[in-house]
Amino acid sequence: GRWSICGITGNFTNICVKISLSCRHDDLKEMLDSNKDSLKLEAMKRIVAMIARGKNASDLFPAVVKNVACKNIEVKKLVYVYLVRYAEEQQDLALLSISTFQRGLKDPNQLIRASALRVLSSIRVTIIVPIMMLAIKEAASDMSPYVRKTAAHAIPKLYSLDPDQKDQLIEVIEKLLADKTTLVAGSVVMAFEEVCPERIDLIHKNYRKLCNLLIDVEEWGQVVIINMLTRYARTQFLNPNANVSVSAEGKEDKVEAAALVVKRKPYVMDPDHRLLLRNTKPLLQSRNAAVVMAVAQLYFHLAPKAEVGVIAKALVRLMRSHSEVQYVVLQNVATMTIKRRGMFEPYLKSFYIRSTDPTQIKVLKLEVLTNLANETNISTILREFQTYIKSMDKDFVAATIQAIGRCATNIGEVRDTCLNGLVQLLSNRDELVVAESVVVIKKLLQMQPEKHSDIIKHMAKLTDNIQVPMARASILWLIGEYCEHVPKIAPDVLRKMAKSFTNEEDIVKLQILNLAAKLYLTNSKQTKLLTQYVLNLAKYDQNYDIRDRARFIRQLIVPTDKSGALSKYAKKLFLALKPAPVLESPFKDRDHFQLGSLSHLLNAKAGGYQELPDWPESAPDPSVRNVEVKYPTCSMNIEQSSTEEQKKSTKSKEPKDRSDSESEDEEESSTESSESESEEESESDTDAKKKKKVLLSISINHTLQGTSLRYYILKKWRIYVSFCVALLLKCSFPSPQAASPTCGPLKTYELLHRITGEGLAVTYCFSRRPFTGDPHMVSVQIQFTNNTEVEARSLRVLEPKLQSGMRIAEFPEIDVLPPGEISTVVMGIDFCDSTQAANFQLCTHTKKFFVTIQPPVGELMMPIFMTENEFKKEQGQLMGMNEITEKLTLGEGCRGDHVIIQRVISTANLSRVPCGSAMECRFAGKTVTSGSLVLVTVVTKEERAAQVTVNCEKMLIGTMLVKDILQALSQ
Amino acid sequence: MIHSLFLVSTAGHIFLEKHWKSVISRSVCDYLFEAQGKASAPENVPPVIATPHHYLISVYRDRIFFVAVIQTEVPPLFVIEFLHRVAETFQDYFGECSEASIKDNVVIVYELLEEMLDNGFPLATEANILKEMIKPPTILRSVVNTITGGRELRSVFAWSVAQGSGSSNVGGTLPTGQLSNIPWRRTGVKYTNNEAYFDVVEEIDAILDKSGTVVFAEIQGVIDACVKLSGMPDLTLSFVNPRLLDDVSFHPCVRFKRWEAERVLSFIPPDGNFRLMSYHVNAQNLVAIPVYVKQNVSFFETGSSGRLDITVGPKQTMGKTIEDVVITVHMPKVVLNANLTTNQGTSTYDPVTKVLVWDIGKLNQQKVPNLKGSLSLQSGAPRPDENPTLNIDLRIQQLAISGLKVNRLNMFGEKYKPFKGVKYVTKAGKFQVRT
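If you read the protein sequences in the order shown, they are chains A and B. Position 174 (the first sequence) corresponds to 174 in full-length UniProt numbering; numbering is contiguous. Position 406 (the second sequence) corresponds to 406 in full-length UniProt numbering; numbering is contiguous.
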């Protein structure tokens with residue numbers, strides 16, 4: 001306890017407490033200071049147990065923090081637990097540990113990097129904000145998706161520590177949103193929701209990706225993403241029910257909306273809107289109730305009315321889950337049943353109540369049953385209610401009586417039946433039941449009092465027995481209101497009440513006054529004295545409300561000289577016709593809160609709740625989601641690692657490999673046959689193109705972010721990027737694999753999606769085969785699939801819009817494509833050695849579609865054969881500006897020559913140059929149009945370091961190619 | 001998201017707290033206690049309680065309140081589902097989820113919670129990943145625990161044992177599963193005996209009215225699996241009659257596309273025990289009610305007494321025996337005692353909780369179990385209006401009452417021949433007879 005005494009200058013008792021505390025912990029300190037990990041571990045376990053029990057262990061901070069760098073992983077973990085718990089209280093000492101974590105951030109093991117970042121970002125000490133910021137930024141471009149996920153988690157931590165970092169954090173979020181891995185998606189959207197939920201613009205370019213990744217994201221991420229996308233969709237798409245759902249809203253709205261509908265074009269759902277609905281639907285089958293609820297609310301808020309029904313079954317399923325889940329689901333179902341009753345009607349019986357349900361569940365089920373009641377099922381429901389009335393759970397019985405009352409007001413046919421049933425309850429033994437019935441009967445009677453004077457009489461008799469204030473008050477009000485229906489009984493009731501006045505509750509007293517006043521006005525002969533007696537009693541009541549009321553009533557009804565003009569109208573004031581109360585569900589209009597949210601459940605806005613926006617009048621530009629040209633202008637991080645592509649590349653590796661080997665074979669055979677050089681060239685060229693497309697699609701994300709300013713200046717690059725993005729987006733749609741006649745499976749790209757093409761789907765691939773007819777053209781294989789019911793006729797190319805110099809060799813017109821058939825053609829395009837797009841129209845006999853084909857740079861060349869000496873000689877002539885060299889670290893999977901060769905060849909349509917050194921690989925090719933040489937050298941060094949050199953007189957091609965190869969190799 | 005977690009016993013003792021952000025005083029739980037005071041039973045405490053500065057979202061499980069403290073908007077189901085996942089993890093790790101087992105394993109609990117949430121957002125909730133990072137207590141350790149009893153001694157012992165065997169709570173290997181495409185399965189699984197067992201468990205939820213007619217009936221089924229297969233097996237499970245299934249939900253490992261297209265379950269299983277799917281059979285006419293119940297419970301207007309007569313017999317059992325039949329009746333408060341005789345099983349009436357339990361056992365075709373006798377009521381109290389409900393429990397081995405049958409199980413991706421087994425069982429779920 002020495003140190004704590006030294007540190008204390010406070011009062012004596014404080015010192016004593018500390019001493020006793022620290023004395024108690026002396027053994028722990030000793031253990032922590034020992035050399036044995038086992039003792040340390042034991043000490044840490046005991047300390048953590050203290051923390052768990054809520055005991056204060058802060059005085060051990062210095063002893064614990066020393067062990068932050070302990071070798072034993074369990075000790076270390078427990079020290080982290082301690083550190084995170086107490087760092088906020090012991091800021092200065094906590095700083096001692098920071099360097100350990102900074103070191104951890106550089107560890108080669110991704111899990112250690114991640115854990116270091118996790119702990120570092122959990123230490124809530126403001127001084128280290130800059131360190132955290134730096135660590136997060138670095139981790140956001142880490143190779144490992146797991147580390148990037150951790151970075152995403154760290155963002156809201158830093159934000160809560162220092163909200164001033166918002167702008168910088170948004171940059172990181174933006175970068176991570178572009179991440180392609182499912183691991184990161186959920187976490188970054190979570191960060192987005194906490195830091196900048198208003199920046200809906202950041203979602204545009206990631207929207208489709210998020211939709212497509214969704215099914216593979218972990219459950220918790222799915223919930224967050226779905227909720228966010230619901231909000232997004234509300235700002236970007238049109239209301240699919242614009243011309244249907246108006247009936248639910250007010251009449252004025254109806255007229256307005258109707259006018260709008262007239263103006264508006266017939267509604268066509270945005271394909272992106274459809275994409276969201278389609279991709280979320282399977283998640284209704286999730287085992288996780290939160291995911292199911294998230295999808296359900298998405299459908300409720302976004303889907304066309306006709307499609308919302310699918311969620312009912314899933315929600316009903318959740319009703320068999322834990323009672324807490326039931327509680328939340330029923331609240332949401334209650335809200336839904338008000339707007340969309342039909343959806344749950346088939347499941348009516350699933351809401352039947354069991355005696356073992358907790359009361360809160362029973363009441364909610366009752367609410368749903370009441371909302372579902374209509375003319376056809378009301379008799380079933382009322383029969384069910386009858387059994388509920390016999391329940392032992394009196395709160396539930398009371399709720400049932402309320403529910404019967406609501407059914408009676410909503411459905412005129414059963415009003416009398418309900419009323420009779422309730423009247424029978426008036427003779428129930430339980431006072432609560434009787435009281436509740438009285439209250440409900442009162443409300444019902446207000447609708448047709450003249451028909452039910454016998455019920456009023458019956459109730460008048462109850463005043464002798466019933467003691468529940470609310471019920472007594474209700475009876476008195478009824479008698480007063482309808483005193484002309486019970487002219488004989490009413491004065492007698494007043495007599496009795498006058499007698500017991502002083503013993504009544506306040507609400508009852510007020511109603512006695514009310515009754516007296518009304519009787520005085522209608523039957524003053526019999527009640528004048530009684531009324532004055534009551535008023536006198538009230539005058540001296542303890543409650544000022546009652547005194548006030550008495551004074552007020554006296555002035556109004558008893559005519560004196562002073563009383564003003566008002567007393568003339570006393571009758572009108574007291575005996576005005578009162579509208580019958582509307583018995584409404586407490587869940588009415590709750591759906592202005594996003595369903596499934598905490599705010600909806602509480603019916604009050606919770607902190608941080610994001611309003612669900614109204615649908616826009618007209619849809620914002622849908623192209624924001626596909627044109628991602630703006631991309632490179634955002635965060636420009638040259639070091640961007642290529643890990644995002646890892647996943648993709650592994651997926652597409654197989655087909656790539658296969659096409660590789662085949663194309664190599666082909667190349668050889670064509671050299672042998674060597675009919676004509678030109679033919680051979682274009683053949684291998686098209687092959688190369690196919691391969692490169694594959695790779696390009698993979699690397700787009702990388703190239704986008706990895707673009708250094710140098711490339712960025714080049715305008716053409718920009719076009720290239722935009723094209724790649726367009727391609728990628730197209731690829732993300734499921735497209736049928738083209739049945740290539742000679743090659744193995746090649747990655748195909750969407751030229752025309754079957755929805756946009758109204759049933760006609762078109763895909764294409766670069767076959768890397770020669771284009772017969774023109775050696776300077778790249779051959780593109782195009783496949784048409786007719787998904788419609790009718791045949792498509794005269795498919796052809798129309799009005800190519802080309803940059804100067806570019807040429808297209810159109811494919812022969814396809815006369816007829818019968819429904820369900822597939823047809824493949826080949827066209828040639830001379831891209832002029834540039835990655836500019838070839839734009840043209842695809843026509844059928846009825847329609848035209850604008851389409852675009854843009855080649856990856858690697859497809860613009862074809863392989864040539866060279867010896868090592870020739871290569872060196874040529875290389876020597878292409879130095880200086882024509883040589884581009886980049887260093888890189890080879891990716892984990894990229895070991896050994898053959899992998900490198902494979903990857904380079906699949907990136908670009910080149911052939912290998914035989915070479916003696918094991919450390920070097922060389923490749924050669926020439927551009928298709930101008931025949932400029934393209935020479936590639938890959939030199940590997942120790943420890944996965946490597947260097948790529950491209951020599952080419954076309955600098956643009958060279959720079960782009962280096963980038964692509966770099967990326968292919970660093971995976 | 002989740003700011004803090006408190007574990008509270010029914011008696012109101014806060015025995016564990018964990019904070020993922022700044023520390024929140026445990027006095028926030030007072031709002032829970034207040035709600036608990038108002039509620040008639042722990043089940044009636046509202047799962048969501050709004051307090052001036054926080055929201056409490058709680059689940060009640062195994063006599064423990066799991067209370068999450070929230071500060072901002074979050075889907076309540078998200079938190080509820082997570083809390084249940086926590087409880088299930090404890091169950092999985094310690095064999096039971098109770099105050100005692102949590103207190104005994106407080107360090108493991110803390111380590112688990114640390115991994116399950118990061119900054120209040122779920123991080124690793126899959127049992128397979130967690131087990132790679134944090135080892136469950138070994139049998140040896142728990143044996144030591146039971147022998148030594150004393151807390152200090154026990155932990156020292158456990159520690160020395162752990163040292164001796166070179167093991168600790170924290171796995172030495174890094175949780176690579178977290179990085180893979182199939183996060184639910186740990187890598188490097190090896191067994192000498194490769195086996196895969198599937199339990200098809202069906203529960204009948206039904207409400208019968210006084211006369212014995214079915215008001216409502218449905219079948220809830222689950223397929224629980226215990227898969228201990230080496231490597232990365234890819235399994236396909238098909239049914240003879242998949243059309244029966246009206247509604248399904250799956251473990252994330254099941255490929256939904258294949259289910260939609262072919263109605264087969266195709267999946268790479270997690271290692272160990274897991275719930276493969278839950279399903280629902282709706283069509284009421286398909287639901288066979290395996291027992292009939294004749295009952296008469298009445299209270300007399302005079303004499304402060306009542307009568308009870310219950311008969312249970314087998315119906316539609318497809319030749320199988322009905323076992324473990326138990327009938328539970330919650331009597332009205334005025335029922336002081338019951339004087340009952342039965343020809344099979346035992347009946348007990350607890351005058352404090354007012355619960356009558358009739359444990360019948362097996363149902364035979366020959367002898368029909370019957371319980372009858374008189375009920376004595378509180379003298380002077382009026383005759384109760386309400387009628388008690390009978391809750392029925394039963395079990396039928398080797399039968400899925402819906403008729404669902406597994407066709408075959410195929411394995412791809414591994415060479416060995418696994419041992420496969422399917423077991424069927426039918427139970428009563430929420431099975432009530434109204435009187």
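Idealized CB from N, CA, C, for every residue including glycine.
Q | Closest by C-alpha distance to Gly361/B, when choosing among Gly313/B, Gly272/B, Asn387/B and Ala338/B | A | Per the Cα distances, Gly313/B.
Chain A beta carbons: is any one of them nearer than 8 Å to that of Arg154/B? Here the model assigns Arg154/B a pLDDT of 36, short of 50, so the residue's position is not dependable, and the following value carries that caveat. No, its Cβ sits nowhere closer than 8 Å to a Cβ of chain A.
(message) By the DSSP assignment, the beta strand (DSSP E) with Pro863/A in it spans what residues?
(response) For Pro863/A, the uninterrupted beta strand (DSSP E) run begins and ends at Met861 to Pro863, by DSSP.
| For the alpha helix (DSSP H) that Glu307/A lies in, which residues bound it at each end? | Lys305 to Val308 is the extent of the alpha helix (DSSP H) around Glu307/A.
Beta-carbon proximity check, Lys18/B vs Ala471/A, cutoff 8 Å: Result no, Cβ atoms of Lys18/B and Ala471/A do not sit closer than 8 Å.
Ignoring anything shorter than 4 residues, give me the alpha helix (DSSP H) runs that lie fully in the stretch 287-368 of chain A, in order along the chain.
Fully enclosed alpha helix (DSSP H) runs of no fewer than 4 residues occupy 289-302, 305-308, 310-318, 323-339 and 341-344 of the stretch 287-368 of chain A, in order along the chain.
- Find the residues of chain A that neighbour Pro183/B, judging by a C-beta separation of less than 9 Å, and give them in chain order. Within chain A, the residues near Pro183/B are Leu183 and Glu218.
Item to complete: Kindly confirm or deny that the stretch 404-417 of chain A and the stretch 372-380 of chain A touch, where touching means at least three C-beta pairs closer than 8 Å.
Response: Contact between the stretch 404-417 of chain A and the stretch 372-380 of chain A is present, because at least three Cβ pairs lie under 8 Å.
*Val223/A CB to nearest chain B CB: under 8 Å?*
With its beta carbon less than 8 Å from one in chain B, Val223/A belongs to the interface.
Checklist entry - Cα separation between Met331/B and Ile207/B? => result Going by the C-alpha atoms only, they are around 18 Å apart.
Residue nearest to residue 978/A in terms of C-alpha spacing, selected from Ser144/A, Asn465/A, Gln803/A and Leu515/A: Coverage of chain A is limited to positions 1 through 971, which leaves residue 978/A absent and any answer about it impossible.
At 8 Å on the CB atoms, spell out the chain A contacts of Ile207/B, in chain order. The answer, in chain order, is Tyr352 and Arg354.
### Task
Using three-state DSSP, classify Lys963/A as helix, strand or coil.
The three-state reading of DSSP puts Lys963/A in helix, counting H, G and I together.
(message) Is there a Cβ of chain A sitting closer than 8 Å to that of Arg255/B, yes or no?
(response) It does not; no Cβ of chain A falls within 8 Å.
ask   = the stretch 153-166 of chain A: which residues have C-beta closer than 9 Å to a C-beta of chain B, in chain order?
value = Taking a C-beta cut-off of 9 Å against chain B, the contacting residues of the stretch 153-166 of chain A are His153, Ala154, Pro156, Lys157 and Ser160, listed in chain order.
If you draw a straight line from the C-alpha of Asp833/A to the C-alpha of Ser930/A, how long is it?
Near 7 Å, if we compare the C-alpha coordinates of Ser930/A and Asp833/A.
- Among Met190/A, Gly607/A and Thr824/A, which has the Cα closest to the Cα of Pro156/A? The closest CA to that of Pro156/A, considering only Met190/A, Gly607/A and Thr824/A, is found on Met190/A.
Checklist line | Under 7 Å from the C-beta of Gln36/B: neighbouring residues of chain A | finding: In chain order: nothing, as chain A lies at least about 13 Å away.
Worksheet item: Could one say the Cβ of Gly104/A lies closer than 8 Å to chain B's Cβ atoms, at least one of them?
Response: Closer than 8 Å to the CB of Gly104/A there is not a single CB belonging to chain B.
Inset, instruction - Just mark Thr560/A as buried or exposed, buried being the case when its beta carbon has 16 or more other beta carbons within 10 Å. - result: Only exposed fits Thr560/A, as fewer than 16 other CB atoms lie within 10 angstroms of its CB.
> Is the Cβ-Cβ distance between Ile884/A and Val962/A less than 8 Å?
Replying inline: Yes. Within cutoff.
What first and last residue would you give for the alpha helix (DSSP H) that runs through Ala49/A? Ala49/A -> alpha helix (DSSP H) spans Asp37 to Ala52.
Q.
Between Gln220/B and chain A, is the shortest Cβ-Cβ distance under 8 Å, so that the two count as touching?
A. At least one chain A Cβ lies under 8 Å of Gln220/B.
| request: Compare the C-alpha of Gln781/A against each of Glu750/A, Phe351/A, Ser474/A and Glu799/A and name the closest. | output: Here the closest residue by C-alpha is Glu750/A.
| field | Opposing strand residues paired with Trp358/B [DSSP bridges] | value | Among the bridge pairs identified by DSSP, Trp358/B is matched with Ile327/B and Ser347/B.
Item to check | Same chain, Cβ closer than 6 Å to Ser58/A, neighbours up to 5 away in sequence not counted | outcome: Closer than 6 Å at the Cβ level, and outside the excluded window around Ser58/A, lie Tyr86 and Glu89.
Interface positions of the stretch 375-406 of chain A facing chain B (Cβ-Cβ less than 7 Å), listed along the chain:
Only Thr387, Lys390, Ser391 and Met392 from the stretch 375-406 of chain A bring a Cβ to less than 7 Å from some Cβ of chain B.
### Query
At a CB-CB cut-off below 8 Å, which residues of chain A make contact with Phe15/B?
By Cβ distance, chain A contributes Arg53.
Review point. What residues of chain A sit near residue 514/B, judged by a beta carbon separation below 9 Å?
Key: Within the shown structure, residues of chain B are numbered from 1 to 435, placing residue 514/B beyond reach of any answer.
_Member of Leu78/A, Arg549/A, Ser823/A and Gln360/A whose CA lies at the smallest distance from the CA of Tyr764/A_ = Distance from the Cα of Tyr764/A is smallest, within the candidate group Leu78/A, Arg549/A, Ser823/A and Gln360/A, for Ser823/A.
Inset, instruction - Just the C-alpha distance for Ser641/A and Glu174/A, rounded to the nearest angstrom, thanks. - result: With a pLDDT of 39 at Ser641/A, under the threshold of 50, the modelled position of that residue is not reliable, and no figure is offered here.
So what does Thr294/B bridge to, in DSSP terms?
Rather than Thr, the amino acid found at residue 294/B in this sequence is Lys. DSSP output for Lys294/B lists Thr311/B as bridge partner(s).
Determine the closest residue to Lys457/A out of Gly221/A, Ile136/A and Trp477/A, with distance taken between C-alpha atoms.
Shortest Cα-Cα distance from Lys457/A to any of Gly221/A, Ile136/A and Trp477/A involves Trp477/A.
Query raised in the report: At least one CB of chain A closer than 8 Å to the CB of Lys135/B: is that the case?
Result: No, its Cβ sits nowhere closer than 8 Å to a Cβ of chain A.
- Message: I believe Ile965/A touches Thr907/A by the beta-carbon criterion, under 8 Å. Please report the beta-carbon distance rounded to the nearest angstrom.
- Response: The pair is a contact, with the Cβ atoms about 5 Å apart (cut-off 8 Å).
query: In chain A, which residues lie less than 9 Å from Lys21/B when you measure between Cβ atoms?
result: Correct list: Ser122, Arg124, Lys157 and Ser160.
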